[in-house]
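Read the structure below first, then the notes.
Residue numbers (this note's numbering): 71 to 279.
Structure below.
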């Protein structure tokens with residue numbers, strides 16, 4: 071497991087520079103495995119370096135795509151964040167953070183189709199347009215477009231949309247940890263509204279100055 075100070079969503083690209091000996095060992099063990107992957111979770115309190123952190127229990131698997139050893143036990147790697155996981159038990163950090171995990175696909179719930187996805191897209195576009203107007207700019211066409219295979223999968227589409235919103239790590243975690251697609255729609259919509267309210271407040275403050 072690799073606890074991070076950022077929430078990684080399925081579909082994200084994760085670049086990492088590995089320099090701590092424990093994580094160098096993790097990378098070595100991953101590369102020796104049939105499928106080089108490790109779990110990533112959000113640190114809820116503490117730092118990535120040195121240990122002693124508090125960790126969230128919902129995360130994702132990061133699949134190593136590229137890895138270069140840069141000398142003296144350091145590595146540069148790029149991973150693709152894949153399926154969501156849930157930690158069922160944390161194990162001792164020996165020789166690095168370890169846990170018992172299980173896949174956690176979205177649970178059954180109300181259907182999420184093009185109408186619900188379209189509502190999220192509309193709210194994000196409203197946020198973008200507000201910022202663009204304040205800057206005297208225009209949005210480029212298709213700013214929220216995704217690949218057709220992503221658009222055909224509501225789960226992947228929602229995650230892709232979430233990456234386009236400048237929300238905080240706690241909100242990103244809430245998006246990841248939403249049990250059902252319908253709940254993820256609600257969480258993401260609320261996060262967009264929160265960001266929009268912050269933008270309006272900042273713009274009003276700038277206007278007063």
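Yeah, the Cβ is synthetic: ideal placement off N, Cα and C, and Gly gets one too.
Three-state class that DSSP yields for residue i in the structure shown
i: residue 78; result: coil
i: residue 189; result: helix
i: residue 228; result: helix
i: residue 93; result: helix
i: residue 172; result: strand
i: residue 132; result: strand
i: residue 214; result: coil
i: residue 202; result: helix
i: residue 242; result: helix
i: residue 260; result: helix
i: residue 103; result: coil
i: residue 124; result: strand
i: residue 268; result: helix
Residue i versus residue j - alpha carbon distance
i: residue 135; j: residue 200; result: 37 Å
i: residue 162; j: residue 93; result: 15 Å
i: residue 132; j: residue 183; result: 28 Å
i: residue 241; j: residue 76; result: 11 Å
i: residue 109; j: residue 178; result: 24 Å
i: residue 106; j: residue 97; result: 8 Å
i: residue 129; j: residue 137; result: 22 Å
i: residue 217; j: residue 197; result: 22 Å
i: residue 148; j: residue 100; result: 13 Å
i: residue 102; j: residue 255; result: 39 Å
i: residue 157; j: residue 174; result: 9 Å
i: residue 261; j: residue 268; result: 11 Å
i: residue 124; j: residue 113; result: 6 Å
i: residue 171; j: residue 190; result: 31 Å
i: residue 219; j: residue 228; result: 13 Å
i: residue 192; j: residue 263; result: 11 Å
i: residue 250; j: residue 187; result: 14 Å
Buried versus exposed call for residue i [16 or more other C-beta atoms within 10 Å across all chains shown]
i: residue 83; result: exposed
i: residue 87; result: exposed
i: residue 223; result: exposed
i: residue 272; result: exposed
i: residue 78; result: buried
Closest by C-alpha distance to residue i, when choosing among the options
i: residue 150; options: 225, 216 and 85; result: 85
i: residue 154; options: 210, 272, 80 and 164; result: 80
i: residue 166; options: 157, 203 and 71; result: 71
i: residue 141; options: 159, 89 and 164; result: 89
i: residue 152; options: 226, 273 and 271; result: 226
i: residue 270; options: 212, 144, 204 and 115; result: 204
i: residue 212; options: 235, 115 and 195; result: 195
i: residue 215; options: 247, 206 and 232; result: 232
Paired residues, beta bridge with residue i - DSSP
i: residue 73; result: 111
i: residue 139; result: 145
i: residue 88; result: 145
i: residue 15; result: A question about residue 15 goes unanswered here, because the residues of the chain that appear run from 71 up to 279.
i: residue 255; result: None, per the DSSP bridge assignment.
i: residue 83; result: 150
Residue-level contact to chain D via CB, residue i, 8 Å cutoff
i: residue 256; result: Judged by its chain identifiers, the structure shown contains no chain D, having just a single protein chain.
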